[in-house]
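*Asks:* Protein sequences, first through last, are from chains L and C. The first sequence maps to residues 1 to 566 in this note's numbering. The second sequence maps to residues 1001 to 1566 in this note's numbering.
Protein chains: 2
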Amino acid sequence: MDKKEKIVIIGGVACGPKAASRIKRLNPEAEVTILEKGELLSYAGCGLPFYISGEVESHNELMATPTGVVRDTHFFKMVKDINVENHTLVKSVDREQKIVHAVRLDTGDTAEFPYDSLVLAVGSTNPNLPIEGTELNGVSQLRTVEDARRIRNESGSLKGKNAVIIGAGLIGLEVTEAFKKQGMNITMIEMLDSAMGQMLDPEMAYHLHNELKSNGVTLKLNESAAKIEGDDRGCVKSVVTDKGTYPADIVLISVGVRPNTDLAEQMGLELGKSRAIKVYPDMRTSDPNIYAGGDCVENRNLITGGPIYAPMGSTANKHGRIIADNICGKESQFKGVIGTAICKVFNCNVARTGLTEKMAKQAGYDYITVLTPAPDKAHFLASAKMIIIKLIVDKKTEKLLGAQIVGPGDVAKRMDMAVANIISNDSVTDIAQYDLAYAPPFSPALDNIITAAHIAENKLSGFSQSYTPAQVQEKIDNGDDFILLDVRSPQEFEQMRLDDPRVKLIPLGKLRSCLDELPRDKEIVPFCKISLRGYEAEQILRGKGYTKVKYLDGGIVCWPYKKTVN
Amino acid sequence: MDKKEKIVIIGGVACGPKAASRIKRLNPEAEVTILEKGELLSYAGCGLPFYISGEVESHNELMATPTGVVRDTHFFKMVKDINVENHTLVKSVDREQKIVHAVRLDTGDTAEFPYDSLVLAVGSTNPNLPIEGTELNGVSQLRTVEDARRIRNESGSLKGKNAVIIGAGLIGLEVTEAFKKQGMNITMIEMLDSAMGQMLDPEMAYHLHNELKSNGVTLKLNESAAKIEGDDRGCVKSVVTDKGTYPADIVLISVGVRPNTDLAEQMGLELGKSRAIKVYPDMRTSDPNIYAGGDCVENRNLITGGPIYAPMGSTANKHGRIIADNICGKESQFKGVIGTAICKVFNCNVARTGLTEKMAKQAGYDYITVLTPAPDKAHFLASAKMIIIKLIVDKKTEKLLGAQIVGPGDVAKRMDMAVANIISNDSVTDIAQYDLAYAPPFSPALDNIITAAHIAENKLSGFSQSYTPAQVQEKIDNGDDFILLDVRSPQEFEQMRLDDPRVKLIPLGKLRSCLDELPRDKEIVPFCKISLRGYEAEQILRGKGYTKVKYLDGGIVCWPYKKTVN
Chain L
1 MDKKEKIVII GGVACGPKAA SRIKRLNPEA EVTILEKGEL LSYAGCGLPF
51 YISGEVESHN ELMATPTGVV RDTHFFKMVK DINVENHTLV KSVDREQKIV
101 HAVRLDTGDT AEFPYDSLVL AVGSTNPNLP IEGTELNGVS QLRTVEDARR
151 IRNESGSLKG KNAVIIGAGL IGLEVTEAFK KQGMNITMIE MLDSAMGQML
201 DPEMAYHLHN ELKSNGVTLK LNESAAKIEG DDRGCVKSVV TDKGTYPADI
251 VLISVGVRPN TDLAEQMGLE LGKSRAIKVY PDMRTSDPNI YAGGDCVENR
301 NLITGGPIYA PMGSTANKHG RIIADNICGK ESQFKGVIGT AICKVFNCNV
351 ARTGLTEKMA KQAGYDYITV LTPAPDKAHF LASAKMIIIK LIVDKKTEKL
401 LGAQIVGPGD VAKRMDMAVA NIISNDSVTD IAQYDLAYAP PFSPALDNII
451 TAAHIAENKL SGFSQSYTPA QVQEKIDNGD DFILLDVRSP QEFEQMRLDD
501 PRVKLIPLGK LRSCLDELPR DKEIVPFCKI SLRGYEAEQI LRGKGYTKVK
551 YLDGGIVCWP YKKTVN
Chain C
1001 MDKKEKIVII GGVACGPKAA SRIKRLNPEA EVTILEKGEL LSYAGCGLPF
1051 YISGEVESHN ELMATPTGVV RDTHFFKMVK DINVENHTLV KSVDREQKIV
1101 HAVRLDTGDT AEFPYDSLVL AVGSTNPNLP IEGTELNGVS QLRTVEDARR
1151 IRNESGSLKG KNAVIIGAGL IGLEVTEAFK KQGMNITMIE MLDSAMGQML
1201 DPEMAYHLHN ELKSNGVTLK LNESAAKIEG DDRGCVKSVV TDKGTYPADI
1251 VLISVGVRPN TDLAEQMGLE LGKSRAIKVY PDMRTSDPNI YAGGDCVENR
1301 NLITGGPIYA PMGSTANKHG RIIADNICGK ESQFKGVIGT AICKVFNCNV
1351 ARTGLTEKMA KQAGYDYITV LTPAPDKAHF LASAKMIIIK LIVDKKTEKL
1401 LGAQIVGPGD VAKRMDMAVA NIISNDSVTD IAQYDLAYAP PFSPALDNII
1451 TAAHIAENKL SGFSQSYTPA QVQEKIDNGD DFILLDVRSP QEFEQMRLDD
1501 PRVKLIPLGK LRSCLDELPR DKEIVPFCKI SLRGYEAEQI LRGKGYTKVK
1551 YLDGGIVCWP YKKTVN
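This is the structure:
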């Protein structure tokens, strides 16, 4: 490439500055310009909820390097030799002449930026919620540092007041905790039947819902905001849904994001099926001189092979690096994503990747599932905390289709191993051979993800069979005649139990001597606290010639339906 | 297989009970007997230091299932239908007749146990330290629950007294923290030049040593215990080394373990190069009717292809499962290990896998190294803590040869991803495509292990070049003439710096305008706090035509030699 090549980058948050910095490292003579309509550059958008909570004191910290240097326009010029034009809004792009036309927001002057390569890193926007009252004072979205500063000031003066959060997605959940730290009363309104919407299966979302409720959040599922009401000073007063009215001093709208494609559409660039900008593995758009990355593009789903819109700060950074490589003549490809996400909600960590069971079913996969709760460290340590792993595994390829992990313990480590396993295109049973780092403060002797892989192997081979909680509940609802065989101790039974006439208590140690109490012609569903003993009971009964036996996945700990707790 | 097959398992700690339990699940009609010379079964040997520290209150907790059921002989019989013969010492095995000859330690009676398949899960022993005084009261090793109970009672009454720990391996380090929690003064004596001996490279061990010292542990490296002295009541008084004498009220000897092969040798079974029992991938010994697993066997090193003795509770459990599968006719292979280990030492976590740089060099690999410190979470969160990743990568295959990670932050997650990458036989650069779970409370937008993979890629392609701290120190020691270019700010320089006449301070933002201060014929070694700016400086200088530039890996944070701190 010509060493004096001109590169123009539109967008100064994540992908843009990453691409710019690496371009200057790969080709120090390149002329790199970032056009940004706002004031601030390269801020950690994902950190905004933590600025609202007060965990991050100054918004400057969101814009600093790990060593504390603030990334302002002066920093970019002096340290990286990158021209940053902020307060500069792009109006149009002449792809023939390769010129970007922009306007200076401060002065109204127009400006032109010729390019050899152009990078669109224009991010995402929030869709307008098509209801009355979104313009009222106290109603916010959370996109920019300015949004966060406004909310923080408001919430600071609103201690003990009422917040309504519309939308229980990742941002909504993070802000819930931030608001709670500021001492607010919170109502969360979600039109779907679960928080994190399509990202979790019901028995996993159950634990997330419990965590919200036990932290005093009023969670309203299957409920849609209809309008936002204000007082005569133009300040928000309440949120009205299809089911009720909730007083509100502050309203946060967090109903997801959509790719910012206005400019791309105006330029005639191709969009993907998800309506985000279509890019090839080298991050080029349909115009080979124009690259795009970050929240404005569509990714390839490595599990389905199809398109996926999954905006994520981590992915935007990866895009930026690959764009820089290709602009500088170093061939580089972005393989795709699998929809990994993680969220801390009070003391519960929730992570997911790939397909949910529901998605796998819809896509026609023949699959098995694993549901296994266990402490995240050696169980004899007081610091050990529970995590619950759900795996969805393709029966044909024995590969992971998806994973979900929830609980107060270390879910991130196990999720990242599931991700590594999927991206490596290995079988789920290969996880059993991982020589993981074991010592009691870090994991059980067999790490939770290895145990999950073992269970998957037992089920894939047909050696062990089980029902999911949903399947058992369905059988109950259908009025099926079967035995719910609780193999725990009488003490455990006393503390927590399923109250159903089908339940029969035979502690595991007595099972072999009590077989005459168990008819051979009736289906038996053994379970315990976590269904390790349930699985043992399954094998004992099979060994004794019982054929209609399937244990209950995850035991009573993972049972998301009615149970009696004393 | 014959359903009434008799399986005898020698050893009741980790591998043995695991194998027994799974055999009974796979074949409920099998007759399974565990022979154990001690009283206790299936205890978590790795938990003993946490029992000494008081974190685990009762030794019963070390023998319980995750749901709190104690695994005694009654438990094994009633729940698992496994016969446990404890206090039973095996004297010999007649391989021709397939009979185990044992003696009841309580009564002195002999007993015979015929088998179809035999499993040796006889663990490891501590080598005798060939010095005077190891028999004195107050001198212990830490192998059994009994050892731990004795030490805990002693240390409980020894608050404020002196402990000498001989050997700074994993157990010695864990007990150090346990003793400190009991309020003791600790001297640690290690004959090698570093704690965790051969497991870490010097610049990584440096941080471990610092952590021990800053917690008040007197660490004596390159020092050998010569004798242990007692008083006239037979109680320990002091430990004498080749360099000094240290008062001691309690002495823990933790100089590593060796495989327990006495029985195997007596039986004429083949040993491996490491002198542990040789097993094939199906865990059979040289006698196809006899399996072995756990701490008594040799493993295959998946990186070198050669043998490795790496006893680990996690591996023992994996062995047990694979032994059970093969005994029950389900073909199953154990691939091998890569020498992963992890240890919590006060507030520092230390993990390692594969080859150290020293081992890689000795094995003749052509390799690059990466040394990168960074916060383990989004840097703007107060909960973010530093971790330092070192990678050793084969230049030819671009695969990880080894990884070491230290620091107060979450090292386990990154180590387990490195392990997954190695076991999957992927290239180190594949890590850059992992769609890891990102949110600020869990990682930076680009996870530390991805950044490390990016640095590896830059070095493998020759785009970036660097020196390790050891190489730079060697150049200094050799009196080489070069410039140590510190590109940090004057404030950072004031707080901490290298005091060497070669040091020149030019903040990165001024570098482009100060090139006339930098001769082109002299070698330049730029660095900063963590060498991100050092790497930027390398690229700026290369871009300006400087050819003799290599940045200092890891910056001043990772510099393990002399530095001035104000």
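Glycine included, each C-beta is placed from N, C-alpha and C at the ideal position. Since the model is a prediction, treat every value here as computed from it, not as a measurement.
Return no unless some Cβ of chain C is closer than 9 Å to the Cβ of residue 62(L).
*Replies:* Translated into the one-based positions of the first sequence, residue 62(L) becomes position 62. It does: the Cβ of residue 62(L) has a partner Cβ on chain C nearer than 9 Å.
*Asks:* Are any of the Cβ atoms in chain L nearer than 9 Å to that of residue 1342(C)?
*Replies:* The count along the second sequence starts at 1 and reaches residue 1342(C) at position 342. Using beta-carbon distances, residue 1342(C) counts as an interface residue toward chain L, with a partner under 9 Å.
*Asks:* Just to confirm, is the Cβ distance from residue 1188(C) to residue 1195(C) under 9 Å?
*Replies:* What you label residue 1188(C) is simply residue 188 of the second sequence in a count that begins at 1. What you label residue 1195(C) is simply residue 195 of the second sequence in a count that begins at 1. Against a cut-off of 9 Å, the Cβ pair of residue 1195(C) and residue 1188(C) comes out as a contact.
*Asks:* Would residue 1494(C) count as contacting chain L if we go by Cβ distances under 9 Å?
*Replies:* Against the second sequence, residue 1494(C) aligns to sequence position 494. False, the Cβ-Cβ gap to chain L never drops below 9 Å.
*Asks:* Tell me, please, whether the CB atom of residue 311(L) is closer than 9 Å to any CB atom in chain C?
*Replies:* By 1-based counting over the first sequence, the position of residue 311(L) is 311. False, the Cβ-Cβ gap to chain C never drops below 9 Å.
*Asks:* If you scan the segment 23–88 of chain L from start to end, which runs of the alpha helix (DSSP H) of 4 or more residues do you find wholly inside it?
*Replies:* 48–52 and 73–80
*Asks:* Name the chain L residues that come within less than 7 Å of residue 1634(C), Cβ to Cβ?
*Replies:* Past the boundaries of the shown model lies residue 1634(C); chain C is included only from 1001 to 1566, so the question cannot be answered.
*Asks:* Can you find a C-beta in chain L that's less than 9 Å from the C-beta of residue 1563(C)?
*Replies:* Locating residue 1563(C) in the second sequence gives position 563, counting from the first residue. Contact with chain L is absent for residue 1563(C), since none of that chain's Cβ atoms lies less than 9 Å from the residue's Cβ.
*Asks:* Going straight from the alpha carbon of residue 91(L) to that of residue 288(L), what length do you get?
*Replies:* Taking the first sequence and counting its residues from 1, one reaches residue 91(L) at position 91. Taking the first sequence and counting its residues from 1, one reaches residue 288(L) at position 288. Going by the C-alpha atoms only, they are around 21 Å apart.
*Asks:* Among all the DSSP beta bridges, which residues are the ones paired with residue 259(L)?
*Replies:* On the first sequence, residue 259(L) is found 259 positions in, with the first residue counted as 1. Note: residue 259(L) sits in a beta bridge opposite 124(L).
*Asks:* Residue 329(L): which of 13(L), 174(L) and 26(L) sits nearest, CA to CA?
*Replies:* Translated into the one-based positions of the first sequence, residue 329(L) becomes position 329. Out of 13(L), 174(L) and 26(L), 26(L) has the C-alpha closest to the C-alpha of residue 329(L).
*Asks:* Using alpha carbons as the reference points, say which of 1541(C), 1558(C) and 1200(C) lies closest to residue 24(L).
*Replies:* Locating residue 24(L) in the first sequence gives position 24, where the first residue counts as 1. For the residues 1541(C), 1558(C) and 1200(C), the minimum Cα distance to residue 24(L) belongs to 1541(C).
*Asks:* Taking only beta-carbon positions, decide if residue 543(L) is within less than 9 Å of chain C.
*Replies:* As a first step, residue 543(L) must be located in the first sequence, where it is residue number 543. Chain C contact via Cβ: present.
*Asks:* Is the distance from the Cβ of residue 294(L) to the Cβ of residue 46(L) below 9 Å?
*Replies:* For this step, residue 294(L) is matched to residue 294 along the first sequence. For this step, residue 46(L) is matched to residue 46 along the first sequence. Contact flag unset, no.
*Asks:* Considering just the uninterrupted stretch of the beta strand (DSSP E) at residue 1386(C), what are its terminal residues?
*Replies:* Taking the first residue of the second sequence as 1, we reach residue 1386(C) at position 386. From DSSP, the beta strand (DSSP E) with residue 1386(C) extends over 1386–1394.
*Asks:* Quick one: Cα of residue 437(L) to Cα of residue 1212(C), how far?
*Replies:* Taking the first residue of the first sequence as position 1, residue 437(L) is located at position 437. Taking the first residue of the second sequence as position 1, residue 1212(C) is located at position 212. For residue 437(L) and residue 1212(C), the distance between alpha carbons rounds to 21 Å.
*Asks:* Run through chain L and tell me which residues come within less than 7 Å of residue 1219(C), C-beta to C-beta.
*Replies:* Sequence index remark: in the second sequence, residue 1219(C) carries index 219 (1-based). Under the 7 Å cutoff, chain L gives no residues; its nearest Cβ is about 20 Å from residue 1219(C).
*Asks:* Would you list, in sequence order, the uninterrupted alpha helix (DSSP H) runs of no fewer than 4 residues that lie entirely inside the segment 1222–1308 of chain C?
*Replies:* 1262–1267
*Asks:* List the residues of chain L that residue 1055(C) touches, going by C-beta distances under 7 Å, in chain order.
*Replies:* Here the question's residue 1055(C) lines up with position 55 in the second sequence. Residues of chain L passing the Cβ test: 381 and 382.
*Asks:* Which residue or residues does DSSP assign as beta-bridge partners of residue 1343(C)?
*Replies:* Taking the first residue of the second sequence as position 1, residue 1343(C) is located at position 343. The partner list for residue 1343(C) (beta bridge, DSSP) reads 1350(C).
*Asks:* At 9 Å on the CB atoms, spell out the chain C contacts of residue 525(L), in chain order.
*Replies:* By 1-based counting over the first sequence, the position of residue 525(L) is 525. Per Cβ cutoff of 9 Å: no residues; residue 525(L) is ~18 Å from chain C at best.
*Asks:* Listing by chain order, which chain L residues have their CB less than 9 Å from the CB of residue 1360(C)?
*Replies:* Translated into the one-based positions of the second sequence, residue 1360(C) becomes position 360. What residue 1360(C) touches in chain L: nothing, since even the nearest Cβ is about 18 Å away.
*Asks:* Have a look at 85(L), 554(L) and 137(L) and flag the residue whose alpha-carbon is nearest the alpha-carbon of residue 105(L).
*Replies:* By 1-based counting over the first sequence, the position of residue 105(L) is 105. Closest option to residue 105(L), Cα to Cα, is 85(L).
*Asks:* Chain C beta carbons: is any one of them nearer than 9 Å to that of residue 366(L)?
*Replies:* Sequence index remark: in the first sequence, residue 366(L) carries index 366 (1-based). Judged by the 9 Å Cβ criterion, residue 366(L) is not in contact with chain C.
*Asks:* Note down, in chain order, each residue of its chain lying with its Cβ closer than 7 Å to the Cβ of residue 1136(C), except the 5 sequence neighbours on either side.
*Replies:* Within the second sequence, the letter at position 136 stands for residue 1136(C). Cβ within range, chain order: 1228, 1230, 1234, 1235 and 1236.
*Asks:* Hey, quick one: how far does the beta strand (DSSP E) through residue 163(L) stretch, first residue to last?
*Replies:* As a first step, residue 163(L) must be located in the first sequence, where it is residue number 163. Run containing residue 163(L): 162–166, per the beta strand (DSSP E) assignment.
*Asks:* Please go through the same chain and pick out, in chain order, the residues whose beta-carbon is closer than 6 Å to the beta-carbon of residue 61(L), but skip the five residues on each side of it.
*Replies:* Locating residue 61(L) in the first sequence gives position 61, where the first residue counts as 1. Nothing listed; no residue qualifies.
*Asks:* Which of the three DSSP states, helix, strand or coil, is assigned to residue 444(L)?
*Replies:* Counted from its first residue, the first sequence places residue 444(L) at position 444. In the structure shown, residue 444(L) falls within a coil segment according to DSSP collapsed to helix, strand and coil.
*Asks:* From the beta carbon of residue 1302(C), is the nearest beta carbon of chain L less than 9 Å away?
*Replies:* Position 302 of the second sequence holds residue 1302(C). Answer yes: the Cβ-Cβ gap between residue 1302(C) and chain L drops below 9 Å somewhere.
*Asks:* Please list, in chain order, the residues of the segment 1421–1432 of chain C that have any C-beta partner in chain L closer than 9 Å.
*Replies:* 1421, 1422, 1423, 1424, 1425, 1426, 1430, 1431 and 1432
*Asks:* Suppose contacts are defined by Cβ-Cβ distances below 9 Å. Is residue 317(L) in contact with residue 1445(C) by that definition?
*Replies:* The residue given as residue 317(L) occupies position 317 in the first sequence. The residue given as residue 1445(C) occupies position 445 in the second sequence. Less than 9 Å divides the Cβ of residue 317(L) from the Cβ of residue 1445(C).
*Asks:* Give a yes or no on contact between the segment 1505–1518 of chain C and the segment 64–82 of chain L, applying the rule of three or more CB pairs nearer than 8 Å.
*Replies:* Taking a cut-off of 8 Å for Cβ pairs, the segment 1505–1518 of chain C and the segment 64–82 of chain L touch, as three or more such pairs fall below it.
*Asks:* Counting only beta-carbon separations shorter than 9 Å, does residue 397(L) have a partner in chain C?
*Replies:* As a first step, residue 397(L) is located in the first sequence; it is residue number 397 there, counting from the start. Not closer than 9 Å to any Cβ of chain C, the Cβ of residue 397(L) fails to qualify, so no.
*Asks:* Please list the partners that residue 415(L) has in chain C, where partner means a Cβ-to-Cβ separation under 7 Å.
*Replies:* Here residue 415(L) corresponds to residue number 415 of the first sequence, with the count starting at 1. Correct list: 1437.
*Asks:* Consider the Cβ of residue 5(L): report whether some Cβ of chain C lies at a distance smaller than 9 Å.
*Replies:* Position 5 of the first sequence, counted from the first residue, corresponds to residue 5(L). So no, residue 5(L) is outside the interface.
*Asks:* When the Cα atoms are used, what is the spatial distance from residue 1259(C) to residue 348(L)?
*Replies:* Here residue 1259(C) refers to the residue found at position 259 when the second sequence is read from its first residue. Here residue 348(L) refers to the residue found at position 348 when the first sequence is read from its first residue. Roughly 42 Å between the two C-alpha positions.
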